[in-house]
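Visitor: Dropping the structure in here first, questions after.
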Amino acid sequence: MVNNAALIIRKLADEYTEKDWNDTVDTNLKGTFFCCQLAAHHMKARGGGKIINLSSVLSQMCQPGRSVYSVTKAGIMHMTKALALEW
Numbered sequence: 004m005v006n007n008a009a010l011i012i013r014k015l016a017d018e019y020t021e022k023d024w025n026d027t028v029d030t031n032l033k034g035t036f037f038c039c040q041l042a043a044h045h046m047k048a049r050g051g052g053k054i055i056n057l058s059s060v061l062s063q064m065c066q067p068g069r070s071v072y073s074v075t076k077a078g079i080m081h082m083t084k085a086l087a088l089e090w
């Protein structure tokens, strides 16, 4: 399974609304997690498989107008490591 969905809203951090935050986090981080969880259930039943989570160079660096996107991509990087350890 490949997780590649992403939402980026280009606004400075002080311009972000709660809806912008929720939409970005729900799409990029929450969506990735629950797709991984669903894939893991199928993989366990089948005896194996692979999950590929795509992140971004912005998980390691920052650019103006991309703060929340960067946070979600850094979260994906760490989540991938945590899930790999668990599963």
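4 is the number of the first residue of the sequence shown in the numbering used here; add one for each residue after it. The C-beta atom is built at its ideal place from N, Cα and C for all residues, glycine as well. All values derive from a computational prediction rather than experimental measurement.
#1: Just to confirm before moving on: does the CB-CB distance between M4 and A48 stay below 7 Å?
#2: Are S58 and K76 close, meaning C-beta to C-beta below 7 Å?
#3: Looking only at its own chain, which residues have a Cβ that is under 6 Å from the Cβ of I79, when we skip the five neighbours before and after it?
#4: If you follow the alpha helix (DSSP H) that R91 is part of, which residue opens it and which one closes it?
#5: Look up N31 in the DSSP assignment and say whether it is helix, strand or coil.
#6: Quick one: Cα of M64 to Cα of H44, how far?
Guide: This is what the structure gives:
#1: M4 places its beta carbon 7 Å or farther from that of A48.
#2: Yes; because the gap between Cβ atoms is below 7 Å, this pair is in contact.
#3: Hits under 6 Å: T35, N56, S58.
#4: An answer regarding residue 91 cannot be provided, because it is not within the stretch 4 to 90 covered by the chain.
#5: Note: N31 maps to helix in three-state DSSP.
#6: Spanning the alpha carbons of M64 and H44 requires a straight line of approximately 33 Å.
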